[in-house]
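Just so you know, the sequences run in chain order A and B.
Residue numbers are given in our numbering: position 525 of the first sequence equals residue 531, and the series is strictly consecutive.
Residue numbers are given in our numbering: position 9 of the second sequence equals residue 89, and the series is strictly consecutive.
Cβ atoms here follow ideal geometry from the backbone N, Cα and C, with glycine treated the same way.
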Amino acid sequence: MNISKLTTDPAQNASRPAERISGAEAVIRCLLREEVTTIFGYPGGAIMPVYDALHGYLDRLNHVLVCHEQGAVHAAQGYARVSNGVGVCLATSGPGATNLITGIADAMLDSTALVCITGQVGSGLLGTDAFQEIDMIGISMPVTKWNYQVTRAEEIPFALARAFYIARTGRPGPVLIDITKDAQFAEFDFAYAPCTRIRSYLPYPQLDPARVDEAAALIASAKKPMMLVGQGVILSDAQEELISFAEKSGIPMACTLLGLSAVPADHPLYVGYLGMHGNYGPNVKTNECDLLIAVGMRFDDRVTGDLSRYAKQAKVIHIEIDPAEIDKNVKADVPLISDAKAALTALSAKVHAGAYPDWLAEFHACDAIEEEKVTRKDLAPDTPLVKMAEVIHLLSEITEGSAVVVSDVGQHQMAVSRYYAFRAKRHNVTSGGLGTMGFALPAAMGASLGQSKLPSVAVIGDGGFQMTIQELGTICRYNLDVKIMVLNNSFLGMVRQWQQLFFEKRYSFTEMQNPDFGLIAQGYGIPFLRVAQRSDLAATMHDFISRKGPVLLEVVVEKEENVFPMVATGASVSEIRLE
Amino acid sequence: MNTETLMNTEPQYTLSVLTEDRAGLLNNITLIFSRRKINLSSLNVSSTEVPGISRFTIVAECTRDRADKVCAQIRKLVDVAGAFVYEDHEIYYQEIALYKIPTDAVLNGQNLENIVRNNGARILCVEAHHIVIEKTGHKEETHALYEILEPFGLLEFVRSGRVAVSKSLRRTEAYIKELEESNSNVLSIKNY
C-alpha cells in the first residue's frame, strides 16, 4: 500500500510543525492524541523501544503492568466495556503477542473496541523464523476487525489513527498494529491527524425511511410484539431512546446476555433475560409472539436454540448496524440497517402510543411458574450449603443493583444474569460470544480503572479463577478496587451439569482439587473472607462490599446444583426445561 | 486437482470484490470462505480501471444462501469497497487454458491445425520439443479441447481463474466515486 496516498491530510499537518522523534515515541504521542489515559501491557524484547519512550510520559499515560499478556487484553476489554471507550494493550512479539489472541477473539465476538499494539522483530528478519518472531498479522487476521504491520516509522501515525477510528466506529471491534523493532527505533518527522473517514469503510449505514414506515406498519398491526435487546443498544448509547420507544409503544423488552443492563431490571416493560439459561417467559413467548423486534443483537445460537423452530410464527424487524448480521441466522421481514440510536429515534416518531396489558400478563403468568418451579428453590433452598443464586441475589440487594459486575463463564455467570438486578447501563461485563473462562479477574481490573465511581465486583467460579489467578499480582501491585467473589463448588459446574444431564453422570475431569484460596490471598497481601455457612453470608457480604481496595471472598456453595431454566442444545426455545 | 474434479455439479457463484490495493487482503478474503469450509474453484486478482482499486473474481461452489452470507462478510472487511454475487447469466466471463503437447506427436500425421481452428484456439508457439496451444472460453470449452488433445500425450495443462465483468450498467469508477462522495462516514448507497 502506498501510504503517501493514505496518510493524513497535508493541510492538517501544516498546522502543526513536524517534530523529529522516534517511531517508539510516536506510538506514545499517538495514544495521547487519541486521549488514551490508561494502557495495559507487558514488556519484552521487540517492544522495548516503546517501553523506553513510555518512561518519559508516565505523568501523562498510566501504564498498568499485568502478570500475563492475557490479563492485559482482558483488562483492556473490561476498561472499554464500562467506559464505552477504546481499550489499549501493549505486548512484545512472539509469545507476548500470541498470549493476546484469546482476548482479541473475545473482543471480536463481543464487539469490544480494542487497539492492541505488538512489537515485531526487525523488518530485515521478517520471515526468517527469528527469535520471538511469529506472523502476528496472519494469526490475528480472523479475530481482528483490522490489522496492520508497520515496518517504517512514517507509517505509525497513519496506522494508529486508523486503528482507533476502526476500533470504535460502526460495530466496534479489536484492531492489532504490529510494529517492527526498526520502525520503533527510526526517527521521522512526526505529525498526527486523527482518521475521520476511510472510503472503503463507511461504518454508519444510512437508515432507509421507507423501511422505518414498513416497521411502523408491522408494529401497528401487531397484537403480541416483543423486543429483544442486545449490546448494540449499549454500544450506541441508546438506552434512553430504547426506553422511550418501549414506553410509547408499550412493547415488552427482553435482554440478551450482553444486553443486560441496557434496561433497568425493575422496568415494568422488562420481561427478563433471553437464551439457554434465560427466563421462562421471554423464551417461551418468542415462539408465541407475532412480532419480534431485535435491537442490536445477532441471534446467537445460545439465544435462538433450534433455528428451524425459532419464532417461525412471528414477523421480524431487525435493527442492526452490521449488514452482515441481517438474515445471517434469522430472516428479517424488515431490516433496519442502522445504528440503534438512530433507528429507535426514527421508529419512536412513527409508532402510535400503545399498551398490551393482556400480552404482558402472559409474561407475568410465566414468571409465576418460574418463581414456583425455579426461583423460590434457588433463593430459599433447603440445601445445607448456600446456592449461587442466593449469593448473587444478596449481592444485588446490598449493592442496590448498582455495582459493575464482571462475571466469568459458567454457572455463576448464569446466576449473575438471572439474579443480579442491573439498574444502569454498562454495569454488566461478561464474556458472551467466546465464553472465555479466566476473563473476569483481569476484566474487573480494567473495569475498576475504566470508571472510578462504583465498585467492580468480579464473580468467578473456582475453575475460571485459576485460569488467570496470577492477576492477583496486578491487583495487589496497584491496590485496585476490585472485589473478587469466588463461588466455589469444587467443580467445573456447568460442564458437570451437562455431564449429569446428557452424559449419564460420568463426571469426567470436572471435579476440582482447589488450593487454599486464603493462603493465596495472603501471599498477595489481599484481605480474604470466607463463607461456608448460610448464617454467615449476609454479614460477610456486607463486610466484603464495604471494604476499600481489593478483597477476595470465597463462598463455598452447593457442589452439584444445576442452573435452570435450560434450553438444551438442539431444543427449541419453547421446550425450555424448568427442572 | 485434476480437471475431472473441476467439472463439478455443485452450484457455483461468481463473487466480484472491489478492494483497496493492500498486501494481505487475499488472506483476509479467503479466510471467510475457509472458515465455512467452502471450496473455491477459481480466484483471480487484477487491477481495475480505477487506480488503487483491485478486483478479486472468485468462483465458489456453495448454495446461494451461503454465497450471499459470505459476500456480506467480505463486504464488512475494512479494505473492501464493494462485493457482489453473480450467477453465470448475470456476467460475461472467460478463462484461459494453455496446453503443451509434444511436437513429434503432431508430426505423426495428426491434423493439429484443424483441431485448433475448430475449437477456436490458437497456437502460441512451436518449438522443436513442444507446441503450446492457447484457448479462451468457459470451462466446458477448455475441457472439451483438453479431451481432444489428451491422446497427443499432453505434457502440461493449465487453466487460469475466471475473469468476469457484470452486465450491470454501473461503472466501477462511478461506484468508487459514489463511495467517496458518501456523506462523511455514512454509507448511503444501497447496492454495494
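Straight-line measurement puts the Cα of Glu403 (chain A) at about 30 Å from the Cα of Lys254 (chain A). The beta carbons of Val125 (chain B) and Gln92 (chain B) sit about 19 Å from each other, so the pair does not count as a contact at 8 Å.
The beta carbon of Lys347 (chain A) sits no closer than 8 Å to any beta carbon of chain B. For Thr480 (chain A), the closest C-alpha among the options A:Met451, A:His433, A:Thr405 is that of A:Met451. Residue environment for Asp184 (chain A): buried (at least 16 other C-beta atoms within 10 angstroms of its C-beta).
The Cβ of Thr175 (chain A) sits closer than 8 Å to at least one Cβ of chain B. Put simply, the CB of Gly236 (chain A) is far from chain B, with every gap to its CB atoms at 8 Å or more.
A Cβ-Cβ contact shorter than 8 Å links Lys379 (chain A) with Glu585 (chain A). Across the stretch 199-210 of chain A, CB contacts with chain B closer than 8 Å involve Thr202, Arg203, Ile204, Arg205, Ser206, Tyr207, Leu208, Pro209, Tyr210, in sequence order along the chain.
Taking 8 Å as the CB threshold, Ser262 (chain B) lines the interface with chain A.
Of all residues in the stretch 131-154 of chain A, the ones placed with a Cβ closer than 9 Å to any Cβ belonging to chain B are Ile143, Gly144, Met147, Pro148, Lys151, Trp152, Asn153, Tyr154, in chain order.
By the CB criterion at 8 Å, Arg174 (chain A) and Ala119 (chain A) fall inside the cutoff.
The alpha-carbon separation between Glu377 (chain A) and Leu350 (chain A) amounts to approximately 32 Å. The DSSP assignment places 231-235, 259-261, 276-279 as complete runs of the beta strand (DSSP E) inside the stretch 209-280 of chain A, in order along the chain (cut-off: 3 residues). Using a CB distance below 9 Å, the part of the stretch 97-110 of chain B facing chain A consists of Leu98, Thr99, Glu100, Asp101, Arg102, Ala103, Gly104, Asn107, Asn108, ordered along the chain. Straight through space, the alpha carbons of Val181 (chain A) and Ala317 (chain A) are spaced by roughly 35 Å.
With a contact defined as Cβ atoms closer than 8 Å, Leu391 (chain A) and Val562 (chain A) qualify at about 6 Å.
Nearest to Gly438 (chain A) by C-alpha distance, out of A:Leu115, A:Met572, A:Pro363, is A:Leu115. Here Phe46 (chain A) carries a strand assignment [DSSP, helix/strand/coil]. Here Ala32 (chain A) carries a helix assignment [DSSP, helix/strand/coil]. The C-beta separation of Met473 (chain A) from Ser496 (chain A) comes to about 16 Å, leaving the pair out of contact by the 8 Å criterion. In the same chain as Asp328 (chain A), and ignoring 5 residues on each side of it, the C-beta atoms closer than 7 Å to its own belong to Arg177, in chain order.
Residues of chain B with a Cβ closer than 8 Å to the Cβ of Lys318 (chain A) do not exist, since the nearest Cβ in that chain sits about 17 Å away. Apart from the 5 residues on each side of it in sequence, Asp148 (chain B) sits with its Cβ closer than 7 Å to the Cβ of Val165 in its chain, given in chain order.
When the Cα atoms are used, Pro101 (chain A) and Asp135 (chain A) turn out to be separated by approximately 13 Å.
With contacts defined by Cβ atoms closer than 8 Å, Ser413 (chain A) and Leu460 (chain A) do not form a contacting pair. DSSP places Arg144 (chain B) inside the alpha helix (DSSP H), whose first and last residues are 144-155. When Cβ-Cβ separations below 8 Å define contact, Ala163 (chain B) makes no contact with chain A. Counting other Cβ atoms within 10 Å of its Cβ, His399 (chain A) reaches 16 or more and is therefore classed as buried. Counting only residues of its own chain and dropping the five nearest sequence neighbours on each side, Arg155 (chain B) has a CB closer than 6 Å to the CB of Ala163.
Taking a beta-carbon distance threshold of 8 Å, Ile172 (chain A) counts as an interface residue toward chain B. Within 8 Å of the CB of Pro329 (chain A), the CB atoms of chain B belong to Ala152, Arg155, Lys156, in sequence order along the chain.
The beta strand (DSSP E) runs lying completely inside the stretch 460-523 of chain A and spanning 3 residues or more are 462-467, 488-494, given in chain order.
The C-beta of Leu267 (chain B) comes closer than 8 Å to at least one C-beta of chain A. Within the model, the alpha-carbon separation for Arg102 (chain B) versus Ser134 (chain B) is close to 9 Å. Here Asn105 (chain A) carries a coil assignment [DSSP, helix/strand/coil].
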